[in-house]
Amino acid sequence: MARLIVYYAHPGHKYSHVNKYMARAAGAVDGITFVDLYRDYPRFDIDVNVEQRRLVEHDVVLFQFPMFWYSTPSIIKEWEDLVLEHGFAYGAGGENLAGKQMMLAVTAAGPDDAYRHEGYQHYPIRTFLTPLEQTARLCKMHFPAPYVLYSSLKAPAAGLVEPHVDGYVRLLEAIRDDRYDFAAAERMNVVHFDTLPVGEEG
Amino acid sequence: MDGFLLLAFLFLAAGVVAVPIASRLGLGSVLGYLIAGIAISPLLQQLHVDVVSIQHFAEFGVVMMLFLVGLELEPRMLWSMRDKLLGLGGLQVAVTAAAIMGIAMLLGQPWSIALAVGLVLSLSSTAIVLQTLNEKGLMKCDGGQSSFSVLLFQDIAVIPMLAFIPLLALPELADMAVASAEHGGEGDHGSMSLVERLDGWQRALVTVGAIGLVVVGGSYLTRPVFRFIAIARLRELFTAFALLLVIGIALLMIVVGLSPALGTFLAGVVLANSEYRHELESDIDPFKGLLLGLFFITVGAAIRFDLLFANLGGVVAMTLGLIALKALILYALSRIFSITGADRWLFTLGLAQAGEFGFVLLSFTVASSVIPTALAQQLLLVVTLSMLLTPLLFIIYDKLIAPRFAATGSRQADEIEEQGSVIVAGHGRFGGIVNRILLSAGFKTVVLDYQSEQLEVLRKFGIKVYFGDAMRPDLLHAAGIGEAKMLVIAIDERESATELVRYVTENYPHVYIVVRALDRHHVYELWNAGARDIIREHFDSSLRAGRSALEALGVHPYDAERQVRGFVLNDREQMYQLASVFNPDIPAHENAEYVEKTKKFLERYEQAMRGTSAAFGSRLDRGWVPPSLDDVEAEEQAAESGQREDGETPT
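Protein chains in written order, with my numbering: chain Z, 16 to 217; chain V, 4 to 654.
Here it is, written out as structure tokens:
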């Protein structure tokens, strides 16, 4: 069993269309750790010792958040700034995260085809996520393809919330049960609820 | 009685008229009193006033002054200054005294008189120099600091000098003194002493015992006594006790045959670390000031102008010679101690005069039959004249020397002002936390509180607290409001806090005030009094309670946080607006503007409570509210059709 921790961050939790359902479902999955960062640290006073201990005690670290201005909600940046200390996460003696997985589950308001050089977002979504990808690399962590939902604001009308949430639960359970094919995921660009590289049951 | 009132009126009037004029002319208060004395001396002669006996009475001001000097001297501070104090100060006094003694002996004086004259003239004028340095803002520069060290050493050196001078007594002068004492029946000074008939070893024992009594009593007895007095809650009782303390110690010292100045100085040092230091300081200070003023007036009144005019050339020559000699020695010392540039000249010229302690020592030397009266009269003129010339020396420094060094740029950069301290008035639950936070961040604080039970407890925890009512301007002054950066007002009395704000904003506009308000109306009163950083005492805890309640009701903690922040923003805006129309002279309900604004806010409250407006948190929530689906479609189409947008909307 892989030890999985989900960090959820959404400052406008109650206005969310998709993330709050994902969070609720993730919180109900047995045998994983679920952390709502804005709930634990409403005043941003992140407890570095607690967080580092959590990282040490888990094999897979998954950040779930909506993309805001091509980046994470601010608390995740604060968390990185404080928790990923030199000597803990990287640099001399900073081997604590080596070999672990850092995964993302993000929602984006723009449609799939906007995240192309011809599209209005001009760059593929992975480009916007490179700061996290490189963070993982510096910490000697793996960075499998992120779990993505495009056109998130339209998802309720399009009936895509439920399959995305179900897919999220399958993803989390697969990771927990060592059925998630990280090697395959690392070769992929992004994963969706219908392209999850999940192995056979059992 | 009438005679006493007339005399008191005369002395006070002379001082009140002359001192401000002297200060305006840059001559300092000491010279002002001297001039006042000179001015009224014909009147005093007409009235047949015994100036010398008044002077003896006024000398008690010196005893008080040394008590205050002692209070200012924490042993730790003395230790940190020891190099400059002993080196610079010690050499200045020793070399100057020796040089003057040598010259006096060359002029044919016997060695004992020459030595006494050397000691008297080696001192400089603490009163004039410190006041001038403070006024010109030169205290922190190297020259100012060095001057201060020397003056401090001189002040302390006066004590052993007072003890030492009687040993130089000339037998023939002493005989004359005894004879005149027998005639005048003025022998009470001697008869007070209990140790005269004792053997040497018994005398030593009594002396050690008396000093021990002062040290031990000062350390252990003052606190319970103060606590006892505090029960009565009468301010004048503290003054009475402070006077009692000083007079009692002086008496004890006289009884055992020691210098009263030494005893009170010692008591001052012992009490320098006590929480009652500022209280004692501000109680004694006015008496010291008045008595010293009286002392200088009597010195002025006793100046023999007939002597001056009889020997004008001689006195002027001696004065100029003295200033030149002292300046020369100071200059040499400044080279040895590498005081450079303009600082060297400040040091050299600033301390070249003789000082007010010279008067004290002179009258003491005459009383102890060390110096003949005629010579003392001449020296008095020399000391006075040299002090009169001091402002001139400072003018030379200001106009000729400082600009030169400033122009060539060789003057050292001024040292950065040391971190101004914070005064915390009231060390209860509120002020205590503020104080702890300030201390933990490394700031220096002076805490004032007047509940002695509270003080006892705090002292045990090693917190430095002083006894005193922050409402007293003199105490606030003693606590250093003049140099303080900030005043934290956490006293319980509502009106007192407001008054304190008004007083400090008017008199010390440089002091930043943080003040606790008891309620909303108190906020308006404080605002009106000039405070701008006002903290309601229960506001923050109420907010946290509200937040806790929201969280317990299932509101997401971050939403609860923003809800409360929104409430604060809204409330603050309301406070500003109401404070601006609040008028302490009009009851709130008769203030039309105030009532109007309050009504408007109440309406908004009601809407918020019914949930018909976006509640208080709206301003903080705006960023997270996603656009409507229609907006999204329209924007996407616009973007697709070539109008690039860089924004991303939240999901």
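We put the CB at the ideal spot given by N, CA and C, even for glycine.
Contacts that residue i makes with chain Z (C-beta to C-beta distance below 9 Å)
| i | result |
| --- | --- |
| V/V1 | No statement about residue 1 of chain V is possible, as the shown extent of chain V runs from 4 to 654 and does not include it. |
Which residues DSSP lists as bridging residue i, in chain order
| i | result |
| --- | --- |
| V/L451 | V/A428, V/Y469 |
| Z/P81 | Z/T122 |
| Z/T48 | Z/I20 |
| V/A11 | Looking at the DSSP assignment, V/A11 forms no beta bridge with any residue, so it has no partner. |
| V/Y515 | V/M489 |
| Z/H157 | Z/Q116 |
| Z/H101 | Z/Y105 |
| V/R334 | The residue you asked about is not Arg; residue 334 of chain V is Tyr in the sequence shown. DSSP, once it has assigned bridges, lists no residue as partnering V/Y334. |
| Z/Y195 | Z/V213 |
| Z/V75 | Z/L19, Z/Q116 |
| V/A520 | V/R539 |
| Z/S86 | Z/F83 |
From the options, residue whose alpha carbon lies closest to that of residue i
| i | options | result |
| --- | --- | --- |
| V/M164 | V/M80, V/V123, V/G146 | V/V123 |
| V/L269 | V/L315, V/V302, V/L240, V/V218 | V/V218 |
| V/F362 | V/S127, V/S115, V/T99 | V/S127 |
| V/L384 | V/L265, V/R523, V/V319 | V/V319 |
| Z/T122 | Z/Y135, Z/Y56, Z/H179, Z/F49 | Z/H179 |
| Z/I47 | Z/G214, Z/E201, Z/V184 | Z/V184 |
| V/E636 | Z/E188, Z/V63, Z/A189, Z/L168 | Z/L168 |
| V/A61 | V/G296, V/L37, V/A102, V/L10 | V/G296 |
| Z/R54 | Z/Y36, Z/Y22, Z/V33 | Z/Y22 |
| V/H525 | V/L141, V/L581, V/I106, V/F63 | V/L581 |
| V/A207 | V/H430, V/R347, V/L74, V/M256 | V/M256 |
| V/L141 | V/G121, V/G353, V/R307 | V/G353 |
| V/L216 | V/L248, V/T242, V/A235 | V/L248 |
| V/V52 | V/A117, V/F7, V/L69, V/L224 | V/F7 |
| Z/G114 | Z/P139, Z/H207, Z/L153 | Z/L153 |
| V/S56 | V/E509, V/S443, V/A304 | V/A304 |
| V/L311 | V/I41, V/M80, V/V65 | V/I41 |
Residue i, buried or exposed, once every other Cβ within 10 Å from all chains shown has been counted against 16
| i | result |
| --- | --- |
| V/I300 | buried |
| Z/Y130 | buried |
| Z/K29 | exposed |
| V/K602 | exposed |
| V/I419 | Confidence in V/I419 is poor, its pLDDT being 35 and thus under 50, which makes the residue's placement too unreliable to answer from. |
| V/A534 | buried |
| V/Q422 | Per-residue confidence for V/Q422 stands at a pLDDT of 46, beneath the threshold of 50, marking its modelled position as unreliable; the derived number appears in the next sentence. By the neighbour-count rule (16 or more Cβ atoms within 10 Å), V/Q422 is not buried but exposed. |
| Z/H25 | buried |
| V/G190 | Here V/G190 scores only 39 on pLDDT, less than 50, and its place in the model should not be relied on; the value that follows carries that caveat. Exposed, because fewer than 16 other Cβ atoms sit within 10 Å of the Cβ of V/G190. |
| V/T376 | exposed |
| V/M67 | buried |
| V/S83 | exposed |
| V/V211 | exposed |
| V/F14 | buried |
| V/G187 | Residue confidence for V/G187 is low, a pLDDT of 41 falling below 50, so the modelled location carries little weight and cannot support an answer. |
| V/Q157 | buried |
| Z/E201 | exposed |
| V/Q610 | exposed |
| V/P23 | exposed |
Proximal chain V residues relative to residue i, where beta-carbon distance stays under 9 Å
| i | result |
| --- | --- |
| Z/K92 | Chain V residues near Z/K92: none, gap ~16 Å exceeds 9 Å. |
| Z/P57 | R550, E554, H559, P560, Y561, D562, A563, E564, R565 |
| Z/Y53 | H559, P560, Y561, D562, E564 |
| Z/Y162 | Neighbours of Z/Y162 on chain V: none; closest Cβ ~14 Å, over 9 Å. |
Bounding residues of the alpha helix (DSSP H) (the contiguous stretch that carries residue i)
| i | result |
| --- | --- |
| V/L173 | Element bounds for V/L173: n/a, residue is neither H nor E. |
| V/D536 | Note, V/D536: premise wrong, no alpha helix (DSSP H); beta strand (DSSP E) at 536-539. |
| Z/Y165 | Note, Z/Y165: premise wrong, no alpha helix (DSSP H); not H, not E. |
| V/I257 | 238-258 |
| Z/P139 | Segment: none, Z/P139 is in no alpha helix (DSSP H) and carries neither H nor E. |
| V/W348 | 344-353 |
| Z/K92 | 89-98 |
| V/P716 | As shown, chain V starts at 4 and ends at 654. That puts residue 716 of chain V outside it, with no answer to give. |
| Z/K35 | 34-43 |
| V/I162 | 145-167 |
Partner residues on chain Z for residue i, Cβ-Cβ distance less than 8 Å
| i | result |
| --- | --- |
| V/L632 | L168, K169, A172 |
| V/E75 | What V/E75 touches in chain Z: nothing, since even the nearest Cβ is about 44 Å away. |
Neighbouring residues, chain B, relative to residue i (Cβ below 9 Å)
| i | result |
| --- | --- |
| V/E498 | This model lacks chain B altogether; the protein chains it does include are Z and V. |
Cross-chain neighbours of residue i in chain Z, by beta carbon under 7 Å
| i | result |
| --- | --- |
| V/E459 | Neighbours of V/E459 on chain Z: none; closest Cβ ~36 Å, over 7 Å. |
Cβ-heavy atom distance, residue i to the ligand GDP, below 7 Å
| i | result |
| --- | --- |
| V/F299 | The ligand GDP is absent from the structure shown, which contains no ligands of any kind. |
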